[in-house]
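*Asks:*
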Amino acid sequence: MELLLNPVVISLVKVLVIILLFVMVVGTVLTLMERKWMSAVQDRIGPNRANIGSFRGRGTLHIAADGLKSIFKEDTVPEGANRFVFTIAPFFGFFSAIVIWAVIPFAGPLGGFTFQITDVNIGMLLVFAVTSLGVYGTVLAGWSSNNKFAVLGAARGTSQMLSYEIFLGLSLVGLFMIVGSVRVSDLVAYQNTYWFGDVLPKWGVLTQPVSCVLFFVAMLAEAKRLPFDAPEGESEIIAGYFLEYSGMRYAAFMLAEYVAIVGIGALTVTLFFGGYHVPWLHADGFHLLGAVLPLPAWLVVLLQLGAFIGKVLFFCWLVIILRWTVPRFRFDQIMALGWKRLLPVCLANVAVTALVLLAVDGWQ
Amino acid sequence: MVAEQYLPVMYLSVIALALGAFFTLVGILLGPSRDTAVKRTPFESGMPSEGSEFRRYGVRFYMVALTFLIFDVEIVFFYPWAVRFRELGFYGFWAMALFFVILVVGLVYDWKKGALEWE
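In order, the protein sequence lines correspond to chains B and S. 1 is the number of the first residue of the first sequence in my numbering; add one for each residue after it. 365 is the number of the first residue of the second sequence in my numbering; add one for each residue after it.
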C-alpha cells in the first residue's frame with residue numbers, strides 16, 4: 001500500500017495506462033477503422049477476410065494480421081543510405097506523438113487523484129516544443145534514404161510542417177489572452193464557466209471560433225493528413241519520405257501517424273471543445289437555470305471520462321472522413337493557403353481578440 | 365519541487381523511445397534476410413537509379429525555412445504578452461501594437477519581394 005501511494009509509482013501507472021491502454025489501442029484500431037470507413041464511403045465492404053477458423057469478426061482480425069505480417073517481413077536498408085540516421089528517424093514520430101499526452105487531462109480530479117499525467121505550468125508550450133520535433137523524423141527519414149522521391153518528400157514535408165507550425169502557435173494566442181494562462185488545467189477549467197448565468201458554456205469554439213478552425217487545419221498539416229499530404233503523395237512520389245522503409249519500421253511510421261491523429265483529437269477537444277467537461281456538469285452535479293441535480297463524485301468523473309473519450313473519437317472520425325471528402329491540395333496551393341491566407345487571418349484574430357478584450361474589460 | 369513535475373515527461377519519452385526500439389528490433393530479428401543486389405537499390409518506380417540524390421533542389425524550400433525562422437522567433441514573443449494581457453491593459457496593448465506593426469511590415473515586405481510565391 002505504501003508503495004502504491006508513492007507519487008512516482010502513481011505517475012508511472014498513469015503513463016502506462018494512458019499510453020498502452022488508450023493511445024496505442026485507439027491508434028491501432030484507427031488503422032483498421034480508416035480502411036473500413038474508406039470502404040463505406042466508396043460503397044465497398046472493406047477488409048473482412050482475416051479469419052481464425054470460421055471466426056472473422058467483421059475484419060477486426062486484420063489488426064493482428066497486419067501486425068504479424070509486418071513483423072515477418074524483411075527489413076531492408078537501401079544501398080548508400082546513412083544507416084545511423086535511417087535507424088533513428090522513426091523514433092521522432094513516436095516521440096512527438098506520445099509525449100504530448102503528458103499534459104492532456106482525461107477527467108476532473110477525484111479526491112487527491114488527477115486524471116492527468118502532469119500539470120506543468122508551461123502546458124501548451126511543452127506541446128508546441130514536442131510537436132515541432134516531429135519534423136526531424138520527416139527530414140531525417142527522407143535525407144538518409146538515398147532516394148530522390150524520398151528527398152523530395154522530405155523537402156516538401158519540412159517546408160509544410162515549418163510553415164504550419166507558425167499558424168499552429170499563433171492560432172492559440174487569442175485563447176491564451178482570454179484565459180491568461182498556458183497551463184492546460186486552467187484552459188480546461190475556463191471552459192466550464194458560463195455566459196448568461198449558467199446557460200452557455202464558454203467553450204473555446206465559442207470564444208475563439210476562428211482560431212479553432214485555424215488550429216485544426218494547422219494540426220492536420222502538421223500530421224501530413226489529407227488534404228495536406230503532398231509530402232506523402234502516393235500517386236506522385238510513391239510514399240514520400242518513408243518510401244524506403246519496409247516491414248516493422250514502415251509500420252512504425254504508419255502507427256505514429258495514427259497516434260498523432262488521436263493527439264489531434266485530444267488537443268482540439270481539450271482546447272476548444274470543453275476538454276473533459278460535460279456542459280453544465282460541475283464537481284457536485286448538473287447545474288442549469290438554478291436547478292441542481294446532485295451526483296456522486298465517482299459518477300461525475302465517469303461521465304467526464306466518457307465525454308472526453310467520446311469527443312476524441314469523434315474528432316478521430318472527422319480527421320479520417322475528411323481524407324475521403326476532400327482531394328489533395330497541390331503543394332503550391334498548400335504554401336499559398338498557409339502564408340497568404342491563414343497567416344493574415346491568424347494575425348487579425350490576435351488583433352481583434354485584443355481589442356475586444358480591452359473593450360470588455362474597460363466596460364466592466 | 366518543480367523538477368518532479370517534469371519527471372513524467374521523461375517517463376513518456378522513455379516509453380516513446382522504447383516503442384521505437386521495439387519496432388526497429390522486432391523487424392530485424394524476426395524478419396527473413398534474403399539480400400539480393402536488386403533489393404538494395406533505391407526504389408524509384410522501377411527505373412534504374414540515375415545519379416546521386418544530392419542534386420539541386422528548388423531554392424523556395426530554403427526561402428520558406430528562412431521565413432519560418434524569422435516568424436517563429438517573433439511569435440514566441442507573443443506568448444508571455446498573451447498570458448499577461450489582461451493585467452497589462454492599455455500599456456501592454458500599445459507596446460505590442462508597435463511590435464505587431466513591425467511584424468506585419470515584415471510580412472508585407474516578404475510578400476512583395478515574392479518570397480511567398482511558389483512559381
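Note that the Cβ used here is the ideal one computed from N, Cα and C, for glycine as well.
In three-state DSSP terms, what is G410(S)?
*Replies:* Of the three classes helix, strand and coil, the one that applies to G410(S) here is coil, per DSSP.
*Asks:* When the distance is taken between beta carbons, is F449(S) closer than 8 Å to A50(B)?
*Replies:* Not closer than 8 Å, so no.
*Asks:* Return the residues of the region 49-75 of chain B that lie within a Cβ-Cβ distance of less than 9 Å from chain S, sorted by chain order.
*Replies:* Cβ contacts with chain S come from S70, I71, F72, K73, E74, D75.
*Asks:* Show which residues of chain B have a CB atom less than 8 Å away from the CB atom of G395(S).
*Replies:* In chain order: I71, F72, K73, E74, D75, G247, M248.
*Asks:* Quick check on V292(B): does DSSP put it in helix, strand or coil?
*Replies:* Strand.
*Asks:* State buried or exposed for Q42(B), treating a residue as buried only when at least 16 other CB atoms are found within 10 Å of its CB.
*Replies:* Classification for Q42(B): exposed.
*Asks:* Hey, is M335(B)'s beta-carbon within less than 8 Å of any beta-carbon in chain S?
*Replies:* Judged by the 8 Å Cβ criterion, M335(B) is in contact with chain S.
*Asks:* Step through the CB atoms of chain B and report whether any lies within less than 8 Å of the CB of R404(S).
*Replies:* Yes, R404(S) lies at the interface with chain B (some Cβ there is under 8 Å from its Cβ).
*Asks:* Quick one, are the C-beta atoms of T268(B) and F315(B) less than 8 Å apart?
*Replies:* In contact: T268(B) and F315(B) (Cβ atoms closer than 8 Å).
*Asks:* With 16 as the cutoff for other CB atoms within 10 Å, does E451(S) come out buried or exposed?
*Replies:* When all chains shown are included, E451(S) counts as exposed.
*Asks:* Whose CA, out of V26(B), V17(B), K14(B), lies closest to the CA of E257(B)?
*Replies:* That would be V26(B), whose Cα lies nearest to the Cα of E257(B).
*Asks:* Can you check which of these residues, I45(B), M24(B), I100(B), E79(B), is closest to P372(S) by C-alpha distance?
*Replies:* With distances taken between Cα atoms, P372(S) lies closest to I100(B).
*Asks:* For T322(S) and L302(B), what's the separation of their Cα atoms in angstroms?
*Replies:* Outside the displayed span of chain S (365 to 483) sits residue 322(S), for which this structure offers no information.
*Asks:* Considering only C-alpha positions, which residue in the set A351(B), I320(B), I334(B), A348(B) is nearest to E386(B)?
*Replies:* Not covered by the structure: residue 386(B). The range shown for chain B is 1 to 364.
*Asks:* Taking R330(B) and D229(B) to be in contact with their CB atoms under 8 Å, please state how far apart those CB atoms are, rounded to whole angstroms.
*Replies:* Actually they do not touch by this definition, with Cβ atoms about 12 Å apart.
*Asks:* Using a beta-carbon distance cut-off of less than 9 Å, what residues from the region 166-177 of chain B approach chain S?
*Replies:* Answer in chain order: I166, G169, L170, L172, V173, G174, L175, F176, M177.
*Asks:* With a threshold of 6 Å on Cβ separation, who are the neighbours of V182(B) within its own chain once the five nearest residues in sequence on each side are excluded?
*Replies:* The answer, listed in chain order, is G123, M124, L125, F176.
*Asks:* Exposed or buried, which one is P201(B) when buried takes at least 16 other CB atoms within 10 Å?
*Replies:* P201(B) comes out buried.
*Asks:* State buried or exposed for V139(B), treating a residue as buried only when at least 16 other CB atoms are found within 10 Å of its CB.
*Replies:* The residue in question, V139(B), is buried, as its Cβ has 16 or more Cβ neighbours within 10 Å.
*Asks:* Determine the closest residue to L172(B) out of L462(S), V447(S), W482(S), L471(S), with distance taken between C-alpha atoms.
*Replies:* Considering only alpha carbons, the answer is V447(S).
*Asks:* Here's the rule I'm using: 16 or more other beta-carbon atoms within 10 Å means buried, otherwise exposed. How should Y241(B) be labelled?
*Replies:* So Y241(B) counts as buried.
*Asks:* Against chain B, which members of the region 423-445 of chain S pass a CB distance test of less than 7 Å?
*Replies:* For the region 423-445 of chain S, which is checked against every Cβ of chain B, the residues closer than 7 Å are F425, V428, A429, F432, F435, D436, I439, F442, Y443.
*Asks:* Between the beta-carbon of T87(B) and the beta-carbon of E222(B), is there less than 8 Å?
*Replies:* No, Cβ-Cβ distance for T87(B) and E222(B) is not below 8 Å.
*Asks:* Would you decide whether R225(B) is buried or exposed? Buried here means 16 or more other CB atoms lie within 10 Å of its CB.
*Replies:* Classification for R225(B): buried.
*Asks:* Since L152(B) is in the alpha helix (DSSP H), which residue starts that stretch and which ends it?
*Replies:* From DSSP, the alpha helix (DSSP H) with L152(B) extends over 148-171.
*Asks:* What whole-angstrom Cβ distance do A97(B) and A141(B) have, given they're in contact under 8 Å?
*Replies:* That pair is no contact at about 15 Å.
*Asks:* Can you name, in chain order, every residue of its own chain whose Cβ lies under 7 Å from the Cβ of Q191(B), other than the five neighbours on each side?
*Replies:* Answer for Q191(B): P201, K202, W203, G204, G274, G275, H277, listed in chain order.
*Asks:* Taking S397(S) as the reference, give the member of E74(B), V23(B), L32(B) with the closest Cα.
*Replies:* Here the closest residue by C-alpha is E74(B).
*Asks:* Going along the chain, which residues of its own chain have a beta-carbon closer than 6 Å to the beta-carbon of I178(B), five neighbours each way excluded?
*Replies:* So the list reads T207, once near-sequence residues are dropped.
*Asks:* By how many angstroms is the C-alpha of Q333(B) removed from the C-alpha of L162(B)?
*Replies:* So the two alpha carbons sit approximately 16 Å from each other.
*Asks:* Is I45(B) near the ligand ADP - that is, is its Cβ less than 7 Å away from at least one heavy atom of it?
*Replies:* Absent from the structure shown: the ligand ADP. Ligands present: none.
*Asks:* When DSSP builds the beta bridges, which residues end up paired with I52(B)?
*Replies:* Answer is F55(B), bridged to I52(B).
*Asks:* Nearest to G410(S) by CA position, among S211(B), F95(B), L255(B), F149(B), is which residue?
*Replies:* Residue F149(B) is the option with its Cα nearest to G410(S).
*Asks:* If I measure Cβ to Cβ from S413(S) and keep anything under 8 Å in the same chain, skipping five residues before and after, which residues do I get?
*Replies:* Counting only Cβ-Cβ distances below 8 Å, and skipping sequence neighbours, we find T405, P406.
*Asks:* Residues of the region 193-218 of chain B in Cβ contact with chain S at a cutoff of 8 Å, in chain order, please.
*Replies:* Cβ contacts with chain S: none found.
*Asks:* If we define contact as Cβ-Cβ less than 8 Å, is Y473(S) a contact residue for chain B?
*Replies:* Cβ-Cβ to chain B under 8 Å: no for Y473(S).
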